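**Q**
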Amino acid sequence: AALLLPAVVPAYLEDGSYNFRFPNNLLNGNHNPIASAYDNIRQRPQFTLFTSAWARVNFKPWLNFTSDVAQYYITGRRVDYFDKEFGSGFGANGELTNYNSRRVKITNRNTLNFNYTINNRHRFNALAALELVDFRQEWNSISVVN
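Shown next as structure tokens:
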């Protein structure tokens, strides 16, 4: 966004402080891209885990059952701090926001497979399957202004 500033619109004022007064059609009003890059905190640590397991049982040479289970787990945290001259902290003497999220998706797939051949000439095939999916999401957020 700093590259979008025309040369006639300074990012800094004469006293060395950031310029937060831009024309309405430029950088959404009070947003200074240099200030947001250096003077604000935005962290987004994230952890993802994917696990899966499967099993097959052969009841007969022509009849088998397969089951697999998979879990997808993702957790994230987001911390935003905007000082008193930028973003949502503008005019509020600064704002700190903390988000925590957690998503868990569990999938269970079951398959019963029937492959039977009579006299090496006639083949009969049948397949029955069932898939179950459970998805849960939690999201917590808190904001504090100074």
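Using this note's numbering, you'd call the opening residue of the sequence shown number -5 and step up by one each time.
Glycine included, C-beta positions come from ideal geometry on N, C-alpha and C.
None of the values given here were measured: they were computed from a predicted structure.
Please classify G70: does DSSP put it in a helix, a strand, or coil?
**A** strand
**Q** So, with DSSP's three-state summary, where would you put L7?
**A** coil
**Q** Given a cut-off of 8 Å on the beta-carbon distance, is the pair N104 and L124 in contact?
**A** Yes, they are a contact pair.
**Q** Per DSSP, N114 forms a beta bridge with which residues?
**A** Note: N114 sits in no beta bridge, so no partner.
**Q** To the nearest angstrom, how far is it from the Cα of D74 to the Cα of S95?
**A** 15 Å
**Q** Measure the alpha-carbon distance for Q65 versus W48 and round it to whole angstroms.
**A** Q65 and W48 have their alpha carbons spaced roughly 12 Å apart.
**Q** Drop a sphere of 10 angstroms on the beta-carbon of F76, count the other beta-carbons inside from all chains shown, and report buried for 16 or more, exposed for fewer.
**A** buried
**Q** Roughly how many angstroms separate the alpha carbons of L21 and Y6, rounded to a whole number?
**A** Model confidence at L21 stands at a pLDDT of 49, short of 50, so the residue's coordinates are unreliable; what they give is reported in the following sentence. Near 15 Å, if we compare the C-alpha coordinates of Y6 and L21.
**Q** Could you name the residues that DSSP lists as bridge partners for R103?
**A** D62 and E125
**Q** What separation, rounded to the nearest whole angstrom, lies between the Cα atoms of G88 and S137?
**A** 11 Å
**Q** Taking its Cβ as the centre, do 16 or more other Cβ atoms sit within 10 Å of S11, making it buried, or is it exposed?
**A** exposed
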